[in-house]
Amino acid sequence: MRRLSARLVLLATLAAMPGLVQSAPAPVTAPKPTPPAPSAASARQAYFGEMHLHTTMSFDAWTGGTKTMPDTAYRFAKGEAVTINGVQARRAWPLDFMAVTDHSEFMGALSELDRTGSLFSQTVVGKQMLALGRRAFELSPNQKREMPELADAAAASRAWEVQVKAANDHYQPGRFTTFIAYEWTAGGKTPGAHLHRNVFFNGDHAPVPFTSADSNRPEDLWTYLENVRKQGIGVIAVSHNANLSNGQVFDWYMSDGKPMDRIYAQRRALNEPLFEIVQNKGSSDTRPELSPNDEFANFEIVERLYKDQTKAATHGSFVREAFGRGMVVESKVGANPFKFGLIGASDFHNGLSTSRENAFAGTGIDPDTMLPKGEAAKRTLGMGPKAPLRPTGQPEDDPVTHSSAGLTGVWAEANSRPSIFAALQRKETFATSGERIRVRMFGGWNFDPKLMASKDWVATAYATGVPMGSDLPAAAKAKAPRFAVWAMKDPDGANLDRIQIIKLSLEGDGYKERVFDVALSGNRKVNPKTGKTSAVGNTVDLKTGTYANSIGASQLATVWQDPEFNPAKPAVYYARVLEIPTPRWSTLLALRNNLPFRDSVPATIQERAWSSPIWFKPQG
Amino acid sequence: MRIGSQLRTLSASPTLRRFLAEPLLHFAVLALAIFLANSAWREAHDGRRIVVTAADAEGLVRKYQTQFGVAPTPAQVKALVQAHIEEEALFREGLALGLDKGDEIVRRRVAQKAEFLQQDLSVPPEPSEAALKAYYDAHHAAYAAEDRMAFRHLFFSPDLDGEAAARQRAESALARLAGDPEALVTGDPFPDISPSALSGVSEAVRVFGDSELPRKLGAAPVGRWVGPFRSGYGWHLVLVRSRQAGGVRPFTTVREQVRADALRDAQNRANARSMAKVLSRYVIVRDDEGDAMGARR
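Structural data, given as structure tokens:
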């Protein structure tokens, strides 16, 4: 079966060779079968954006030395040159869309200290904050609540007005889309654990943010979201850093400790249609302990330990397992709480959204330069003095394990709020580890194995199948579904190694995981005995930090049929696209600063993209 | 009147006349009058009376609604009103104790309120069409547009036969197209990843990467195939069919942006003016500077 799928790749590639392509209307070259009528859907384009970024209006960003205001953050994202501490900075390429997501708790309070003559800077607490600087980050939520001056300062900063205005000022339909947004910063049962959600509004106005002081329970956030929708404003919440949640983001239980029920599952799926799978604080796809047969599972894993831990919690903290658990929950209560698409982001706290490995700014950036240097470079590479425990008893992450930024890709009709928000809601999205890899996946029952050779394959796929983020429609008769997958490299980045399809199927009270190589660059084939494919190679020169696109492919495409399909069992499919190896940010930074490489992280990585999944549910 | 006639009657008695001339009596009457007036005033403005009007309650409900996006339940309204009453009582206690004096927070908050008031008072008027046009003319550079092109391209992918062979195929194709730009020549498939047929260089960079192709596209001749140029994906031949000069975007299409820019500029100027006006009412004595300068000297 797998040999067949590999042959299909080859067939598709060969058949795809001829064709005249252009950006103006096509001249007729030969009589062709009538293609399906083009719909708005088939004209959808990939737009790349940032969905998670902090500015000086976030408490922790200010304590990290950030001075960037939302207005500057948007200017930088659009490709304008901005001046940061006297240094001109410009993004390598302009983003198509962005949402600044400052923490809603005490939003704007500390930035008041930078406003000349501000009220807060005259108070004892304000002076304490100035003196604490970075250490102010360690104040607990309770400590902050006991300082009314902080709430006063937040109010005086008129932070929410500033956020709404910046988002609206920079929205240029057709060119650059913004969303009014914020981050709700709830902690879990473990002090410091992440249950945070970003909240995005589809409109030019929005009610004031919900904060973790209002409630720490996601169920209460959903009530807020549901009430906002009743006012006619579209709104969604997106969770992130499950990898740092100590098993709580994808737990089996509700906030009150009871097992999930149907209402909870439905509300979660409705209010949280997406998950941010990759960002600065690591990836949340899976990890080697959970996916022992996935040789690419060890990617940008941040090992964050909480008080008294020697090993991070693995279960309940990763997306792949959540897709499996979602089917388990659905088999019991009739609804799938973990039915989400995938996005990526930076979660940078310096207000500057960069996504390239060589523009790694991270949270620990030296605010004087775009790239850390000197002692800051050492600190960023984890070579500085060991940081003391946080007051929660939690050790600091090893900074070198932090990742460069991820990106969100959406397939949308236009670069506008309504169009991109609709794409987010229908989960026609993908995540990348920072590269502009374009990826598409469609599921259907009748795709022609040679579909990808057709110039109109996208229109046909929409007309006869469903895009990623959807449910497979009911099958006419019992046969295996087919998936049309396509990926194209970042125009300024590395070639592609392969496309994989990751399948999770319900097995009793658990789930089974399979990873299939479905499209390969070069002349490689899947080994039918092992199910594995040889590595693509590695062109990275570790002396110069460069690589060559002499291996890999600029595009990959295939129609793949599930060789192990069981029509009685629910299943989830999502695509993962791998690039050829390139130098990791830590390698580039070490080379630039004449510092040694750290052994705890790889010198090269295979950047990647993840599609949103397609779900199959047996009938009846 | 009646009091007057009574006084006249009473004035008949010398004792009474003496009594009426007594300053102590004048004082007592005056005190009584003040006391009565004060009681009447206190009846209406009692520092010990907290009145919650319907408008107050409505305001509390509205504030809750803005914050939570939903109307409060009757129990929540009750709690909101109770909290309002308690805050009012504490506020008055604080005023009575003079806690507002010498407090940095209060001082700054009052100053800020005055500042907002000033700025709100100086909202610039809606600019006239003539003023907008004048602003647009004075800031042409801000409203410039890129040249836009309609073009065809043929793609030669290195995926199948490598970099050199792909380039070679592109060059052979160019030779065939030299005589006839519409000759039937095919390249490799290239997906439709551009949202419009008309493209500026920045859109071309978005699609093809920061590479040779978009840069050459901007200067390519109209009506003739040129190349091969490298993009982020492979080799391309390009035929620019038409080029639309960008120039300054017409006023009608950027009117809204001009209006926003003009208003923002006007508001900034107005804020500066109103601050200057406030300062003009004061004499600023900078003893600190005199000392500092003296020290520097």
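In the order they appear, the protein sequences are chains A and B. Our numbering applies: residue 21 is where the first sequence begins, and numbers increase by one. Our numbering applies: residue 773 is where the second sequence begins, and numbers increase by one. We put the CB at the ideal spot given by N, CA and C, even for glycine.
Asked                                                                                                                               : Found
DSSP-derived helix/strand/coil call for residue 410 of chain A                                                                      : coil
8 Å Cβ cutoff met for residue 426 of chain A and residue 451 of chain A                                                             : yes
Nonlocal neighbours in the same chain, by C-beta distance under 8 Å from residue 109 of chain A, ignoring five residues either side : 96, 101, 102, 103, 372 and 390
Pair within 8 Å by beta-carbon distance, residue 569 of chain A and residue 514 of chain A                                          : yes
Residue burial classification, residue 1057 of chain B (beta-carbon count within 10 angstroms, cutoff 16)                           : exposed
Short CB-CB distance (under 8 Å) between residue 965 of chain B and chain A                                                         : yes
Environment of residue 338 of chain A [buried if 16+ CB atoms lie within 10 Å]                                                      : buried
Positions along the region 923-942 of chain B whose CB lies within less than 8 Å of some CB in chain A                              : 923, 924, 925, 926, 927, 929, 930, 931, 932 and 935
Test item: CB-CB of residue 122 of chain A and residue 70 of chain A under 8 Å                                                      : no
Cβ shell of residue 635 of chain A (< 6 Å), same chain only, five flanking positions each side left out                             : 491 and 592
Any chain B beta carbon closer than 8 Å to residue 242 of chain A                                                                   : no
Top-ranked residue by Cα proximity to residue 994 of chain B, from B:922, B:962 and B:1059                                          : B:922
Buried versus exposed call for residue 250 of chain A [16 or more other C-beta atoms within 10 Å across all chains shown]           : exposed
is_contact[residue 872 of chain B, chain A] using C-beta, thresh 8 Å                                                                : no
Rounded separation between residue 632 of chain A and residue 449 of chain A - CA only                                              : 6 Å
Unbroken beta strand (DSSP E) run spanning residue 635 of chain A, endpoints                                                        : 634-636
Interface flag, residue 1057 of chain B vs chain A, CB-CB below 8 Å                                                                 : no
Contact the region 501-514 of chain A vs the region 322-339 of chain A: 3+ CB pairs below 8 Å                                       : no
Distance between residue 370 of chain A and residue 86 of chain A (C-alpha atoms, nearest Å)                                        : 5 Å
Selection of the region 571-585 of chain A by Cβ proximity to chain B, strictly under 7 Å                                           : 573, 574 and 575
Sub-8 Å separation of residue 169 of chain A and residue 126 of chain A beta-carbons                                                : no
Contact check, residue 920 of chain B vs residue 972 of chain B, beta carbons under 8 Å                                             : yes
Residue 261 of chain A in three-state terms, based on DSSP                                                                          : coil
Reference residue 459 of chain A, options A:445, A:483, A:468 and A:488, closest by Cα                                              : A:488
Residue environment, residue 521 of chain A, which counts as buried when at least 16 other CB atoms sit within 10 Å                 : buried
Chain B contact for residue 151 of chain A (CB, 8 Å cutoff)                                                                         : no
Within-8 Å CB hit, residue 180 of chain A to chain B                                                                                : no
Presumed contact (8 Å Cβ cut-off) between residue 486 of chain A and residue 454 of chain A, rounded CB distance                    : No, residue 486 of chain A and residue 454 of chain A are not in contact; Cβ-Cβ is about 28 Å, not under 8 Å.
Residue 294 of chain A beta carbon less than 8 Å from that of residue 447 of chain A                                                : yes
Span separating the alpha-carbon of residue 818 of chain B from that of residue 850 of chain B                                      : 24 Å
Residues sharing a beta bridge with residue 567 of chain A, DSSP                                                                    : Beta-bridge pairing links residue 567 of chain A to no other residue.
Touch test, the region 973-986 of chain B against the region 1001-1014 of chain B, Cβ-Cβ under 8 Å, three pairs minimum             : yes
Own chain residues within Cβ distance below 6 Å of residue 524 of chain A, not counting five before or after                        : 343, 344, 531, 533 and 592
Option nearest residue 563 of chain A by Cα separation, candidates A:359, A:602, A:554 and A:577                                    : A:602
Cβ neighbours of residue 1042 of chain B in the same chain (closer than 6 Å, five flanking residues each side left out)             : 894 and 896
C-beta neighbour in chain B for residue 501 of chain A, strict 8 Å                                                                  : no
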